[in-house]
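Undergrad:
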Amino acid sequence: MNLSGVLEIVRLTDVGLLRDHNEDAIASDDTMGFVVLADGMGGYKAGEVASEMAVLSIAAELMEGLANQQPGKVDSALGKQAEAQLIVDAVKSANEVIYSVSQSQPQCAGMGTTLVVGVFTNNKLLVGHIGDSRMYRLRNQVLSQITEDHSLLQEQIKSGLITPEQAKYSANKNLVTRALGVDPEVELELNEYDVEVGDIYLVCSDGLSDLVDDEVIESALNKLMPDINVAAQALVQLANENGGKDNISVILILVKESFEYTKTWRDNFFNWLK
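In the UniProt record's numbering, the protein residues as written are 1 to 274.
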């Protein structure tokens, strides 16, 4: 499915004010309709290696797979669109590569990365994520977080041990319970959402979400829309104004048109032959 003119995507990454190198990595393609963000972790510069490997590997597999994909095709094993299986396979491959390097290269031992990957297809958004990097949706001026952090803090909130307000000041903010490349296998959380024209999607590393409250992000997006270039710059600036203690990465996606898959007479003919 060619999404040229359907999506407007802007991505921006910044080292922040306290770090000397950037361990975030981001990629996107508005024609193929995908976005990828990874926030690395590990020893000296190993996190940078993990995040870059994840993004390069997954983006390459998505580019190839989506270019050859029959839009709207249902995968019989999953009972859902084949794009979902493409995401699962791409993440599995990336995990194996990162884990292998971490085991064979002493300077990369223990490295890993968070991940958010989104694929837009047939008026749907497929979102896979691991760790505490996030995706939000702004719809009708209301911002909602559509991924749930895989973190110690989130588990404490869900169990009622702490409140979301207390979590803002916790010393355990960066303890994730799931990461790409740390173990031989990783569990990807994959969800599907309906997409509406006018939606704004924000993918970000915790360099933004830890330092800028959701209410402030919502206000900034509503104030600066529909110029997502200016909005992305403003979000990075807000994080830096609040300390810039981590790398800051944002991807903004504006849905400009409907992209429902419509069968052609050729599709109907070949389905009839089956």
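Glycine included, each C-beta is placed from N, C-alpha and C at the ideal position.
Taking 8 angstroms as the cut-off, decide whether the C-beta atoms of A220 and A234 are in contact.
TA: Contact flag set, yes.
Undergrad: Ignoring anything shorter than 3 residues, give me the beta strand (DSSP E) runs that lie fully in the segment 97-132, in order along the chain.
TA: Listed in chain order, the complete beta strand (DSSP E) runs (minimum 3 residues) inside the segment 97-132 are 115-121, 124-130.
Undergrad: Suppose the cutoff is 6 angstroms on Cβ atoms and the five residues either side in sequence are ignored; what does the same chain contact list for V203 look like?
TA: Counting only Cβ-Cβ distances below 6 angstroms, and skipping sequence neighbours, we find V35, L37, V116, M135, I251.
Undergrad: Hey, could you find the ends of the beta strand (DSSP E) L188 is sitting in?
TA: No beta strand (DSSP E) contains L188, which DSSP labels as neither H nor E.
Undergrad: I need the straight-line Cα distance from A94 to E148, nearest angstrom please.
TA: Looking at the two C-alpha atoms, the distance is approximately 21 angstroms.
Undergrad: Would you grab the beta carbon distance between E8 and K256 for me? Rounded to a whole angstrom, and I think it's under 8 angstroms.
TA: At roughly 6 angstroms, the Cβ-Cβ gap stays under 8 angstroms, so E8 and K256 are in contact.
Undergrad: What does DSSP give as the partner residues of Y136 in its beta bridges?
TA: Y136 is bridged to Q145, L202.
Undergrad: Grab me the residues of E218's own chain with a C-beta within less than 8 angstroms of its C-beta, minus the 5 sequence neighbours each way, in chain order.
TA: Same-chain partners within the cutoff: L138, Q141, V142, L143.
Undergrad: Which whole-angstrom value is the C-beta distance of G112 and M41, which I expect to be below 8 angstroms?
TA: Indeed, because the Cβ distance is near 6 angstroms, the residues count as touching under 8 angstroms.
Undergrad: On the DSSP bridge list, what partners appear for R11?
TA: Per DSSP, I251.
Undergrad: How would you label L86, buried or exposed, when you count the other beta carbons within 10 angstroms and need 16 or more for buried?
TA: Buried is the call here.
Undergrad: Please list the terminal residues of the continuous alpha helix (DSSP H) segment that includes I157.
TA: 152-158 is the span of the alpha helix (DSSP H), which, as asked, contains I157.
Undergrad: Contact between the segment 150-169 and the segment 117-128 is defined here as three or more beta-carbon pairs at a separation below 8 angstroms; is this criterion met?
TA: No: the two stretches stay apart, fewer than three of their Cβ pairs being nearer than 8 angstroms.
Undergrad: With G181 and A50 assumed to form a contact (beta carbons below 8 angstroms), what rounded beta-carbon distance in angstroms separates them?
TA: At roughly 5 angstroms, the Cβ-Cβ gap stays under 8 angstroms, so G181 and A50 are in contact.
Undergrad: Look at the alpha carbon of V176 and the alpha carbon of Q69, and state the distance between them as a whole number of angstroms.
TA: Roughly 34 angstroms between the two C-alpha positions.
Undergrad: Which value, in whole angstroms, describes the spacing of the CA atoms of L224 and V10?
TA: Approximately 14 angstroms between the Cα atoms of the pair.
Undergrad: With a threshold of 16 other CB atoms inside 10 Å of the CB of G5, please say whether the residue is buried or exposed.
TA: It is exposed - the Cβ of G5 has fewer than 16 other Cβ atoms within 10 Å.
Undergrad: Any idea what DSSP makes of S28, helix, strand or coil?
TA: Correct three-state label for S28: strand.
Undergrad: Could you give the DSSP three-state label for D39: helix, strand or coil?
TA: Three-state DSSP puts D39 in a strand.
Undergrad: DSSP on V212, reduced to helix/strand/coil?
TA: Three-state result, V212: coil.
Undergrad: Residues in its own chain within less than 8 angstroms of A90 by CB, not counting five upstream and five downstream?
TA: Cβ within range, chain order: S57, I58, E61, L62, G65, V117.
Undergrad: Does DSSP put L3 in a helix, a strand or coil?
TA: L3: coil per DSSP, three-state reduction.
Undergrad: Do the CB positions of D20 and D39 come within less than 8 angstroms of each other?
TA: No, the Cβ-Cβ distance between D20 and D39 is not below 8 angstroms.
Undergrad: Considering only their Cβ atoms, is the gap separating G128 from L208 smaller than 8 angstroms?
TA: Not closer than 8 angstroms, so no.
Undergrad: By how many angstroms is the C-alpha of N222 removed from the C-alpha of Y193?
TA: Approximately 21 angstroms, taken between the alpha carbons.
Undergrad: DSSP three-state label for V55, please.
TA: Note: V55 maps to helix in three-state DSSP.
Undergrad: Can you tell me whether DSSP reads V197 as helix, strand or coil?
TA: If DSSP states are grouped into helix, strand and coil, V197 belongs with coil.
Undergrad: How about I130 and V186: do their beta carbons lie closer than 8 angstroms?
TA: In contact: I130 and V186 (Cβ atoms closer than 8 angstroms).
Undergrad: In its own chain, which residues sit with a C-beta less than 7 angstroms from the C-beta of S205, not counting the 5 before and 5 after it?
TA: Only D24, L37, D39, S133, N247, I248, S249 meet the Cβ criterion.
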